[in-house]
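Notes to accompany the following structure.
In the working numbering, the protein residues as written are 163 to 325.
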């Protein structure tokens, strides 16, 4: 995944947003995650992660779709990271790949699409993905750095801004 660069960006933004999403939704409930290339302007960065979550009723043919948008900035005073999580709806999982391709095209990212990561509810796989970033970029207060692993499946508050 190649971000649109115009500066160093905020390397903590994607992994910390993903950690927060896992804490909110429960790592074991996450089927797939799409990480779109971030928009970088100097020491500011914004981006989008999309997560398909297993249906709470156990229907194997449906997934709930969530978007997590973030805005981050690194200043002399430290890191600011704000993200929000919204539920967008539910659909069969085979409908999501063309939707993600369309999101990338509309955002002008036709040459580089989102990174598509299959998790299948495997929290160890999510920990591996988070392990691709240097440990100091992760939030030490959140899993997988902090233990125990999140097992809850709370209902997210739609359009809540989290920091």
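All C-beta atoms in this analysis are idealised placements derived from N, C-alpha and C, irrespective of residue type, glycine included.
**Request:** Check whether the stretch 231-239 touches the stretch 251-259, counting contact only when three or more Cβ pairs, one atom from each stretch, lie closer than 8 Å.
**Result:** no
**Prompt:** Mapping DSSP to helix, strand and coil, what is residue 210?
**Reply:** By 1-based counting over the chain shown, the position of residue 210 is 48. Residue 210: strand per DSSP, three-state reduction.
**Message:** Run through the DSSP bridge pairs and tell me what residue 231 is partnered with.
**Reply:** Numbered from its first residue, the chain shown carries residue 231 at position 69. Its beta-bridge partners are 210, 246.
**Inter-residue Cα distance where the pair is residue 306 and residue 288** = As a position in the chain shown, residue 306 is number 144, starting the count at 1. As a position in the chain shown, residue 288 is number 126, starting the count at 1. Using only the alpha carbons, I get a separation of about 9 Å.
**Message:** Taking a contact to mean a Cβ-Cβ separation below 7 Å, would you say residue 203 touches residue 168 in this structure?
**Reply:** Residue 203 sits at position 41 when you count from the first residue of the chain shown. Residue 168 sits at position 6 when you count from the first residue of the chain shown. The answer is yes: Cβ separation under 7 Å.
**Request:** Go to residue 178, then tell me how far its alpha helix (DSSP H) extends in each direction, as first and last residue.
**Result:** Translated into positions along the chain shown, residue 178 becomes position 16. It spans 175-187 - the alpha helix (DSSP H) in which residue 178 sits, taken as one unbroken run.
**Message:** Suppose you measure from the CA of residue 164 to the CA of residue 192; what does that come to, to the nearest Å?
**Reply:** Taking the chain shown and counting its residues from 1, one reaches residue 164 at position 2. Taking the chain shown and counting its residues from 1, one reaches residue 192 at position 30. Model confidence at residue 164 stands at a pLDDT of 45, short of 50, so the residue's coordinates are unreliable; what they give is reported in the following sentence. C-alpha separation (whole angstroms): 24 Å.
**Prompt:** Skipping 5 residues on each side, what residues in its chain have a beta carbon closer than 7 Å to that of residue 304?
**Reply:** Here residue 304 is taken as the residue at index 142 of the chain shown, counted from 1. These residues qualify, in order along the chain: 181, 182, 185.
**Asked** By Cβ distance below 6 Å, which residues in the same chain neighbour residue 232 in space, the five residues on each side in sequence not counted?
**Response** The residue given as residue 232 occupies position 70 in the chain shown. These residues qualify, in order along the chain: 175, 179, 209, 245.
**Prompt:** By Cβ distance, which residues of its chain are closer than 8 Å to residue 280, with the 5 residues on each side in sequence left out?
**Reply:** Taking the first residue of the chain shown as position 1, residue 280 is located at position 118. Answer for residue 280: 193, 194, 287, listed in chain order.
**Request:** Apply the 10 Å Cβ neighbour rule to residue 170 and answer buried if 16 or more other Cβ atoms are within range, or exposed otherwise.
**Result:** Within the chain shown, numbered from 1, the residue matching residue 170 stands at position 8. That one is exposed.
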